[in-house]
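Numbering (our numbering), first residue to last: 502 to 802. Every residue, glycine too, gets a C-beta built ideally from N, C-alpha and C. None of these values were measured; they are calculated from a predicted model. Below is one structure, written out as structure tokens; the observations come after it.
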């Protein structure tokens, strides 16, 4: 009997000393973060986006989440995927500059890989290479010859059945492209919103085909909002980057396993909370240095 007790004591000590002894159990097996570039809540409201709006109504949502300042694509997405502000991640540029290398703070992909989870990124802009730290993203897809949301979604559909990543980020750039060129409420941008909604359906269908829907959470959000200006020729163009409400207000929707149905999130949600929420859902410990906190009020079904 004493020998059995000693063996049990040794086993308990071994478990307590393991690197994941304090890790919480996973609340979802798969998390899909989908970012709609330059998708303001006001623009989504005006656009034909039936699936996005259905997921917002069925899941938990806020139309008053906030991004960082400067409200630019690369700095904002870096906060979304590292859980910290620009003062800490130091990615203050917004175009692809390969000489600058990758972000220096850990991404959520790096943290997920430390726990042995599969990771993937499907993106519409080359600048996301700055977030592709070596050995952290199992599948990185940037369809350079066709950056449309349809192309990104098709590549995702081809891969997800094979790899079934635990943590996946998907980026649709079309609303940003059309907003800059034609204005934020132009027919062209409204069509871009609709195109992303169709791409979202491709994503949903592919996840369902892979048998992952019941064990997954989707987070739908944006990097920043937008506002119109007149260029030097008097033509309306969309822009963003400042701290105005139009630029910093973004949507945040959670849909899937364990999400409170039909819930309105009233607690503040900030860009870097997405990173913390994804880790929390997957049972990966959220680092103490994170600025973000899990949006726990969206869950508990």
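First through last residue of the beta strand (DSSP E) which encompasses residue i
i: residue 622; result: 620 to 623
i: residue 728; result: 728 to 731
i: residue 720; result: 717 to 722
i: residue 752; result: 750 to 757
i: residue 535; result: 531 to 537
i: residue 739; result: 737 to 740
i: residue 671; result: 668 to 673
i: residue 800; result: Taken as a continuous stretch (DSSP letters only), residue 800 belongs to no beta strand (DSSP E), as it is neither H nor E.
i: residue 640; result: 640 to 642
Nonlocal neighbours in the same chain, by C-beta distance under 7 Å from residue i, ignoring five residues either side
i: residue 695; result: 548, 549 and 550
i: residue 764; result: 561 and 799
i: residue 592; result: 575, 576, 579, 604 and 631
i: residue 737; result: 684, 729 and 731
i: residue 553; result: 545, 698, 701 and 721
i: residue 608; result: 582, 583, 632, 634 and 637
i: residue 521; result: Caution is warranted here: a pLDDT of 36 is assigned to residue 521, below 50, making its placement in the model unreliable, and no coordinate value can be reported.
Residue range of the unbroken alpha helix (DSSP H) whose run includes residue i
i: residue 577; result: 574 to 583
i: residue 685; result: Counting along the chain, residue 685 falls outside any alpha helix (DSSP H), and DSSP gives it neither H nor E.
i: residue 664; result: 650 to 664
i: residue 780; result: 774 to 783
i: residue 553; result: 551 to 559
i: residue 590; result: 587 to 590
i: residue 609; result: 609 to 615
CB contact flag (residue i, residue j, <8 Å)
i: residue 537; j: residue 676; result: yes
i: residue 561; j: residue 760; result: yes
i: residue 617; j: residue 776; result: no
i: residue 730; j: residue 754; result: no
i: residue 619; j: residue 667; result: yes
i: residue 642; j: residue 655; result: no
i: residue 623; j: residue 671; result: yes
i: residue 801; j: residue 525; result: no
i: residue 570; j: residue 590; result: no
i: residue 762; j: residue 559; result: yes
i: residue 621; j: residue 669; result: yes
Beta-carbon proximity list for residue i, same chain, < 8 Å, skipping 5 on both sides
i: residue 723; result: 536, 537, 538, 539, 540, 541, 568, 751 and 752
i: residue 717; result: 529, 530, 531, 532, 533, 708, 757 and 758
i: residue 692; result: 679
i: residue 706; result: 658
i: residue 735; result: none
Buried versus exposed call for residue i [16 or more other C-beta atoms within 10 Å across all chains shown]
i: residue 614; result: buried
i: residue 744; result: exposed
i: residue 555; result: exposed
i: residue 674; result: buried
i: residue 626; result: buried
i: residue 645; result: exposed
i: residue 772; result: buried
i: residue 639; result: buried
i: residue 563; result: buried
i: residue 793; result: buried
i: residue 781; result: buried
i: residue 601; result: exposed
i: residue 517; result: Confidence at residue 517 is low in this model, with a pLDDT of 39, below 50, so the placement of that residue is unreliable and no value is reported for it.
i: residue 715; result: exposed
Spatial neighbours of residue i in its chain, beta-carbon cut-off 6 Å, leaving aside the 5 residues before and after
i: residue 727; result: 539, 541, 680, 685, 739 and 741
i: residue 572; result: 725, 741, 742, 748 and 749
i: residue 796; result: 770, 774 and 778
i: residue 650; result: 673, 675, 696, 697 and 700
i: residue 768; result: 798
i: residue 597; result: 627 and 628
i: residue 652; result: 644
i: residue 689; result: 679 and 683
i: residue 791; result: 584 and 777
i: residue 557; result: 754
i: residue 733; result: none
Neighbour flag for residue i against chain C, beta carbons, 8 Å
i: residue 526; result: Within the model displayed, chain C is absent; a lone protein chain is all it includes.
Margin query: Check whether the region 738 to 749 and the region 699 to 710 touch, using three or more Cβ-Cβ pairs below 8 Å as the test.
Written below: A contact is defined here as three or more CB-CB pairs under 8 Å, and the region 738 to 749 fails this definition with respect to the region 699 to 710.
Note to self: Pairs of beta-carbons, one from the region 651 to 665 and one from the region 704 to 714, closer than 8 Å: are there three or more?
What the structure shows: yes
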